[in-house]
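First comes the structure, then the notes that go with it.
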Amino acid sequence: MIDRLANTGKVRQIFGEWQETIIWSCLQGIMGEIYADDRKKPHSAAAVLGDFVFFAGEPKREFVINLSKACRKDFVIMVPENDGWGGMIESSFGRKAKKVSRYAIKKEPQIFDEENLKRIIRTLPDGYELRMMDEESYNQCRSQEWSRDLVAQYKDYGTYKKLGLGAVILEKGRVVSGASSYSTYGEGIEVEIDTYGPYRRKGLACVCGARLILECCRRNLYPSWDAQNRWSVSLAEKLGYHYSHEYIAYEVWKRETN
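Each residue of the sequence shown is one higher than the one before, starting from 861 at the first, in the numbering used here.
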């Protein structure tokens, strides 16, 4: 059995002190969804937003399977609270679940050196334009596969303008790099950052990240960062973040892939 909860109060203690802003977005009712095994007396819960599913509480294989059916995407990233949940994911999906390492970055308000961020922005090469995300760049990002996740969790520009925040770099009017909110929670955003393939290794992502962080500081928002790989950890450290720890996730394809 699985229930989608409108009132998330009963599952807050299940997630405990888990420092994931995507969970916070769901619990706060800003974005995403919360599911539980029982509406009245929940023992297992999941926070679902975009490509991510976070499992907490009592590990149950049936809950994992039912939650997977509720998620209509072919691909999801499942994050287990502990090894018990990890085992349930592995037994439920077998070879469809790829075990990967991700890297948590410390959440440290007031850590950013604004002068250093401004210096990074000044390294933008000639021929590029740095600007905050507007409707035109939002639409560009949404129309291109490489940049879609920069804005994909906001159904339209009106929603993004209200909840989201981002910075992009353009060359001849075309978005080639961006740092934006993957999701939003009450006190800040979860950062998504990417650069179009031919434009990588030019420092563009670092410039976008610096601009976004400065804007977050100006608005008293926290730009939370979670790293998919070591490159992302290195970029975060250049921008002033500090590495916390490695954790396990599962990239799950719900249909067979070649």
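Ideal placement from N, C-alpha and C gives every residue a C-beta, glycine not left out.
For residue i: DSSP bridge partner residues
i, result
"VAL960", "ALA1109"
"TYR1017", "Bridge partners of TYR1017: none, in fact."
"PRO1083", "ILE1049"
"VAL1093", "Per DSSP, none; premise fails for VAL1093."
"ILE874", "Answer is none; ILE874 lacks a bridge partner."
"THR1044", "ILE1049"
"ARG899", "Paired residue(s): none; ARG899 is not in a bridge."
"GLU968", "Answer is none; GLU968 lacks a bridge partner."
"MET992", "ALA1027"
Spatial distance of residue i from residue j (CA atoms)
i, j, result
"ASP943", "GLU877", "17 Å"
"ALA906", "CYS1068", "32 Å"
"GLY947", "ASP973", "42 Å"
"PRO1083", "TYR1101", "10 Å"
"ASP1063", "LEU984", "Looking at the sequence provided, one finds Gly at residue 1063 rather than Asp. C-alpha separation (whole angstroms): 7 Å."
"ASN1118", "SER1092", "For ASN1118, the predicted structure reports a pLDDT of 47, less than 50, and the residue's modelled location is therefore unreliable. The matter cannot be settled from this model."
"ILE1108", "SER1003", "31 Å"
"LEU1030", "GLY1038", "9 Å"
"ALA957", "ASN926", "16 Å"
"ILE980", "ARG932", "40 Å"
"LYS978", "TRP1113", "41 Å"
"PRO940", "GLU1111", "12 Å"
"SER1094", "ASP1086", "12 Å"
"SER928", "LEU990", "40 Å"
"ARG1061", "ASP1054", "11 Å"
"GLY889", "ASN867", "9 Å"
"VAL924", "LEU1010", "28 Å"
"ASP898", "ASN976", "49 Å"
"ARG1071", "GLU1106", "27 Å"
"ALA1065", "LYS900", "46 Å"
Proximal residues to residue i (C-beta, below 6 Å), its chain only, five neighbours per side dropped
i, result
"ALA896", "ASP863, LEU865, VAL871, PRO902, ALA905"
"VAL913", "ALA906, VAL936, MET938"
"TRP945", "PHE915, PRO919"
"LYS966", "HIS1102, SER1104"
"TYR1056", "TRP1006, VAL1036"
"LEU1023", "THR1044"
"ARG955", "none"
"ARG1090", "none"
Residue i - DSSP class collapsed to helix/strand/coil
i, result
"LEU1025", "coil"
"TYR998", "helix"
"VAL1051", "strand"
"THR881", "helix"
"VAL913", "strand"
"MET861", "coil"
"ILE894", "strand"
"ALA1039", "strand"
"ARG1060", "coil"
"GLU974", "helix"
"LEU1072", "helix"
"LEU1099", "coil"
"ARG1078", "helix"
"SER1007", "coil"
"LEU887", "helix"
"ARG982", "coil"
Chain-order list of residues whose beta-carbon lies under 8 Å from that of residue i (same chain, five-residue window excluded)
i, result
"ARG1034", "GLN1000"
"LEU909", "ILE882, SER885, CYS886, MET891, GLY892, GLU893, GLN1013, SER1043"
"TYR1017", "GLU995, TYR998, ASN999"
"ILE949", "PHE915, VAL924, MET938, PRO940, ALA957, TYR1110, VAL1112"
"SER952", "ARG921, VAL924, ILE925, SER928"
Cut-off 7 Å between Cβ atoms - residues of its own chain near residue i, not counting five sequence neighbours on either side
i, result
"TYR1059", "VAL1036, SER1037"
"PRO969", "TYR1082"
"ARG1008", "CYS1001, ARG1002"
"ASP987", "This sequence places Gly at residue 987; Asp is not what is there. Taken in chain order, the residues that qualify are GLU1031."
"ALA1096", "ILE965, TRP1085, ALA1087"
Within the segment 903 to 955, ranges of the alpha helix (DSSP H) (whole runs, at least 4 residues): 921 to 930, 943 to 953
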